[in-house]
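Reviewing the structure listed below.
2 protein chains.
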Amino acid sequence: MVLAEILLNHGILLSLLCALIGLVFAGLLIRGILAASPGNERMRQIAAAIEEGAKAYLRRQVITISGIAAVIFVLLLVFKDHFLQDGAASIGFLVGAACSLAAGFIGMRIAVLANTRTAQAATRDRHSALKAAFNGGAVTGLLVVGLALLAVGVFYLVAGRIMGSAQAIKSLVGLALGSSLISVFARLGGGIYTKAADVGADLVGKIESNLDEDDPRNPATIADNVGDNVGDCAGMAADVFETYAVSLIGTVLLGSLTLDGNAAAIVFPFVLGGISVIGAIVGILYVNLRQGRPGAILMEAVAASGLVSAVLFWPATKALFPSIAETGIIPPFKTHPPEHLYIAALVGLVMTGVVVLITNYYTSTSFAPVRRIAKASETGHATNIIAGLALGQHATALPVGFIGIAILLSFHFGGLYGIAVAVMSMLSMAGIVISLDAFGPITDNAGGIAVMAELPKEVRAITDELDAVGNTMKAVTKGYAIASAGLAALVLFGSYVEELRSHWAAAAGPFKIEFSLQDPNVVIGLFIGGLLPFIFTAFSMDAVGQAAGAVVEEVRRQLKLKPGILLGTDTPDYGVCVDIVTRAALRKMIVPALLPLVVVVFVAAVLGPIVLGGLLVGTIVTGLFVAIAMTSSGGAWDNAKKYIEEGHYGGKGSPAHQAAVTGDTVGDPYKDTAGPAINPMIKVVNILAILIIPIFLKLWLAQH
Amino acid sequence: MVLAEILLNHGILLSLLCALIGLVFAGLLIRGILAASPGNERMRQIAAAIEEGAKAYLRRQVITISGIAAVIFVLLLVFKDHFLQDGAASIGFLVGAACSLAAGFIGMRIAVLANTRTAQAATRDRHSALKAAFNGGAVTGLLVVGLALLAVGVFYLVAGRIMGSAQAIKSLVGLALGSSLISVFARLGGGIYTKAADVGADLVGKIESNLDEDDPRNPATIADNVGDNVGDCAGMAADVFETYAVSLIGTVLLGSLTLDGNAAAIVFPFVLGGISVIGAIVGILYVNLRQGRPGAILMEAVAASGLVSAVLFWPATKALFPSIAETGIIPPFKTHPPEHLYIAALVGLVMTGVVVLITNYYTSTSFAPVRRIAKASETGHATNIIAGLALGQHATALPVGFIGIAILLSFHFGGLYGIAVAVMSMLSMAGIVISLDAFGPITDNAGGIAVMAELPKEVRAITDELDAVGNTMKAVTKGYAIASAGLAALVLFGSYVEELRSHWAAAAGPFKIEFSLQDPNVVIGLFIGGLLPFIFTAFSMDAVGQAAGAVVEEVRRQLKLKPGILLGTDTPDYGVCVDIVTRAALRKMIVPALLPLVVVVFVAAVLGPIVLGGLLVGTIVTGLFVAIAMTSSGGAWDNAKKYIEEGHYGGKGSPAHQAAVTGDTVGDPYKDTAGPAINPMIKVVNILAILIIPIFLKLWLAQH
């Protein structure tokens, strides 16, 4: 077959071509955005203030993170003798770090361009506004996916030419670590920023002074809008870039280890990624060409995207694995016909749909769970909180159940490699899914600009409607990100074991370690690993709480000093609040971000490879639950408040509404700081463990 | 050595003698309590109302639970052919269930006798009040421990005489299941009752109508006081009875499996338990004879108790294991001198102290964590909640770290049996630890009676001071209960594997299953098991939230119907509230209590023994974190409120206080319903898994 030969020999190049097509398409979208009117003088001023704050923060964040990355780069160079002669892993680390930063930075730049244009488009009609916001988000979606495919593909091809394919694959782990590390910082820093500003603004604004969201009299309001961009855009883009790159690398790594010598195993994940870029473009066109209810159109776009991918996956799978693929590490290998690997890929696509539907059920105002929280708000703050916390825990059941089914199915049909294929297939949908996610902060900002620029009420009505859709989309994509991260981490754990096995075999003969639950070392590893998400999120929430407290004090100070602010005769000093959260976010992200790294190295050095293996799985297990519970609770609290604001249970200003605002505020760090930051944390832990195997191998061999 | 022979042949009888001494001593304490004055007419009336409500609830609880127990008893009889010829396990089940119910019932009876006498004693002086409350609690402590030792010991001796020691040990698992099952129901039912009443009373009383705690004008106040007895006394007593009995049985089972044929392995855990009864009596005498600051005296009593145990453990260990004990399942066995097993026992005692100190740090007003929550209350409800949630997660780190160290140490010094010895030694302290715990609700009730009977302010000052001490003690003993439950569950998981191994070997030759983390079945098991604590607590919190909502509506109705109630000219109808929570608690405990059982049987039938093994460990891992986080947050919120009420951050009635009341209310179901109910849930899951091995063995063998 011709297709088979082309794919086998040039599949990676072809997928890079798809990535380039995606980037060119993103360029066209950017041109379209720039051509649109950015609105009147006042709107442009506000947008400029938001942009300035966001740029100032990101600049300082880049400096801080670069410093930390430089230290780790030096450490990698120092230890390079232990595991790589040529330092390719260190270079990979730099590439991964740089691309992750770039994805966040560019995504944020586009968002701040799109927000005012969305507000302006909303003065025309709803569909124009939807298109403006969605296309802004789509740029980020295509960018993240395209950049990730390009970075991994080009690095692999270049490094492969220089030092051979096997070495190149190993040094990809450096790239994975670079992108993971940056995204932990970006997610945390951005998450702390956005929620410290949001919570701070709400606490004084809404609760004490009875100001609406985005009221220009609130000194923290610009910081709040900046936060949407640095957290929900830049942080999220870096995070998904990382998940995508790491899953791709994990699949390549596992493919090279379990389908020994079969080149198709390495090409396949790239091809899946390339195909889905085309799927994403179809989905984006769908939104641009179709009129209708925003929520429905967006969901249909995801379905259209998935359908294109599902159809195109089949010829690619059939061509790459023409007869049967043998998978497994120890003979006898299990054999799989192409149908089986195709089913594994379909499992990933279906999981995307399933997770989207489940999260939607638990966080949308249309269903019982959110309405139950709204009802509980009638009896006060405490019952609202109890209901929200309980909802988050309930919401873990279905996703985890389906993850279990996905693992069983994809393992049954393709072994460990089958799980990796399912993960890669799930993540290949990132292009269209991120478009939905990045849509949220853009409409949020557009609403802010509409209020601050005192645009007519109808405009605000449109941006409000889109904002509510954006809220659900944000929650939905978080569920997607976490489920895929959990699966990706399992693939990485598999890679850890295989890497350990191969290094061990090379140094000291057959590897006999079993990660058995009967071994107390494994149980202790599970405990330590299980602990990580708990303290990691505890530190993140502390950071938000404390930084928000500082904002509250500053806002109170300004309102007291200049009573004219509330009367509208005096303007607040927005810059001070921006500055407070900038400094707080950068300072407070360091401890939680470094914590998992320190724990992994400590466990590796003191407790050995078995405890470390237990730790990896322990982090995945509790991390998955904590992340799903936190993001679901947060999304549900937010929309319960919106549901009451629609006029239920007394509507805006009622006691129930006040209770709902409390829930929403508690949910802020849950859903936008602590919860989503667990994703990159889980993966940085797993990647670091893979990377340090060669460093500690001698020590471990000596202990056994 | 004479001691060696005596202990080896009559060690169990001697420990039963110690248990009897403990019960006699408890009888003396009861006589002392009855001899004291129950106070004036009004106090006796109030106490009678509380007693009536508590008895009415427990009577209906007994009926409900007995019905469920009867169904399970029948199921055991139906399936008895599969695993036991003589139905001893079913009889054991009845014995365990009956004793667990009895422990709760008697504990509650004593508490309602002691509360009014404590209030009366407080009219004299602080030390009399401390003694009255503490001795009431001590009766429960001695009763739980004595009853557990007697039930397990007598059943083992009688069954052993009839059908031999090996069969008797196996049928002890039935006794364990009976006690665990009852305690899940008692903990949940009591927990839902107490917190639905408490939250309901607080929401309308404190927040809407500005009434103080225990104000007789609040129609839910009697229900609230009844709740203290049925939840914190009866529920807790059943829970610890279960933990004690199950740990004892687990150690005996593991001893018989891993120290094959060494009778000392079976006698040893009984002897540890017997010795500590003497230690507990010493501690109780210490409190009765020593004057001083209540908090300090109670802590010193625990230390004195532990010291007696530590000293007496050594000759017993040396006598029972004169040379070396061989442990292990597959040769070569590891050998352990008596010093090693003694160290394992000491690890358990030290763990008790460590956990007590850590929980005290995180939940007492004297330290930074609680004060940080108090400070966060200044900026509102939301920051109070965020700070409390973060604290709970932080508070998991140290206990889990020390549990890890305890596992490593005791495993190093005694293998799997060493871990079991550490657990049994830790639980042998239950006699004195429960005395502290049961002290809490008695002082709480005494305070309520003092307010309702309008006793002088000085009396209320004394009961308030004791109540604050009681709060910390309750938090501390919860930490103890969870840590010991986590360790006990690990022992049970070990027993599950060994049971499976021995049944498998008998039926189909050597057992080759590894519970390896590389096996997707194990990972899926970890996910399903990890899920259980999350949904279990979600259902419990829902139950409290909904039942509390019903109370709120009833109280609002009464206050609206009879405006005279708030003016003090009309009396509320307490009975309706008592009735509402009684029905709600009984109805809503069923789903969460049965859920883990259904999941275990489903997994066993559909997914097999490997997934089931993963499930057991998964439940322990997330259960430990969720339980510690919940009880720590709850205790800290409660005391942060108390700290503000002492006059900090604006004191009572300030906005900070209102925020702190919200936190306290959210913490109520956390610390008194959902969190502590995880203990028996973890164990019921593990015991059920052991018990159903023979039922599903054929199916499993067919699948492999």
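Going line by line, the protein sequences match chains A and B. If you count the first sequence from 1, you need to add 18 to reach the numbering used here. If you count the second sequence from 1, you need to add 18 to reach the numbering used here. Here a beta-carbon is modelled for each residue, glycine too, at the ideal position from N, C-alpha and C.
Between the region 625-645 of chain A and the region 680-689 of chain A, the count of Cβ pairs shorter than 8 Å is below three; the stretches do not touch. Listed by position along chain B, the residues whose Cβ is nearer than 7 Å to that of Glu-532 (chain A) are Glu-532 and Ser-534. Looking at A:Thr-82, A:Ala-252 and A:Leu-407, the one whose alpha-carbon comes closest to that of Ile-128 (chain A) is A:Ala-252. The residue from B:Gln-676, B:Ala-695 and B:Asp-250 with its alpha-carbon nearest to that of Met-648 (chain B) is B:Ala-695.
Taking 7 Å as the cut-off between beta carbons, the residues of the region 381-408 of chain B near chain A are Ala-394, Thr-397, Gly-398, His-399, Ala-400, Thr-401, Ile-403, Ile-404, Ala-405, Leu-407 and Ala-408, in sequence order. Here the alpha carbon of Met-61 (chain A) sits roughly 27 Å from the alpha carbon of Gln-309 (chain A). With respect to chain A, the C-beta atom of Phe-43 (chain B) has no partner C-beta closer than 7 Å. DSSP places Ile-404 (chain A) in the uninterrupted alpha helix (DSSP H) bounded by 399-412.
With fewer than 16 other Cβ atoms inside 10 Å of its own Cβ, Val-329 (chain A) counts as exposed. Against chain A, the beta carbon of Gly-268 (chain B) has no neighbour under 7 Å; the closest one sits roughly 15 Å away. In this structure, the CA atom of Thr-335 (chain A) is about 7 Å from the CA atom of Phe-286 (chain A). At a cut-off of 7 Å between C-beta atoms, Gly-110 (chain B) does not count as an interface residue with respect to chain A. Selection B:His-521, B:Phe-331, B:Lys-716 and B:Gly-71 evaluated against Met-442 (chain B) yields B:Phe-331 as nearest (Cα-Cα). Judged by DSSP secondary structure, Gln-185 (chain B) falls within the alpha helix (DSSP H) whose first and last residues are 183-220. Following the DSSP letters along the chain, one finds Met-559 (chain B) inside the alpha helix (DSSP H) bounded by residues 538-579. As far as DSSP is concerned, His-675 (chain B) takes part in no beta bridge. Collapsing the DSSP output to three states places His-354 (chain A) in a strand. Put simply, of B:Lys-492, B:Ile-240 and B:Glu-226 the residue whose alpha carbon is nearest the alpha carbon of Gly-593 (chain B) is B:Ile-240.
Residue range 254-276 is occupied by the alpha helix (DSSP H) that includes Phe-259 (chain B).
For Tyr-688 (chain B), there is no enclosing alpha helix (DSSP H), as DSSP marks it with neither H nor E. Looking at the backbone, the Cα of Phe-533 (chain B) and that of Phe-511 (chain B) are separated by about 11 Å. Against chain A, the CB of Ile-542 (chain B) has a partner CB under 7 Å away; the residue lies at that interface. With a cut-off of 8 Å on Cβ pairs, the region 134-142 of chain A is not in contact with the region 110-122 of chain A, counting fewer than three such pairs. Contacts between Val-570 (chain B) and chain A, judged by CB atoms closer than 7 Å, involve Thr-397 in chain order. For Asn-657 (chain A), the uninterrupted alpha helix (DSSP H) run begins and ends at 626-663, by DSSP. With fewer than 16 neighbouring CB atoms inside 10 Å of its own CB, Pro-581 (chain A) falls in the exposed class.
A Cβ-Cβ separation of about 5 Å places Ala-150 (chain B) in contact with Arg-135 (chain B) under the 8 Å criterion. Not one beta carbon of chain B lies nearer than 7 Å to the beta carbon of Val-619 (chain A).
Close to Gln-411 (chain B), with beta-carbon spacing below 7 Å, are these residues of chain A in chain order: Phe-552, Ile-553, Thr-555 and Ala-556. Between Asp-656 (chain B) and Asp-690 (chain B), the CB-CB gap reaches or exceeds 7 Å. Interface annotation for the region 425-440 of chain B against chain A: Ile-425, Leu-426 and Phe-429, criterion Cβ-Cβ distance under 7 Å. With respect to chain B, the C-beta atom of Leu-706 (chain A) has no partner C-beta closer than 7 Å. Around the beta carbon of Arg-519 (chain A), a 10 Å sphere encloses 16 or more other beta carbons of the protein chains shown; the residue is thus reported as buried. The region 252-267 of chain B makes no contact with the region 615-634 of chain B: fewer than 3 CB pairs, one atom from each, lie closer than 8 Å.
For the pair Gly-631 (chain A) and Leu-505 (chain B), the Cα-to-Cα distance works out to about 21 Å.
DSSP lists A:Ser-534 as the bridge partner or partners of Ser-534 (chain B).
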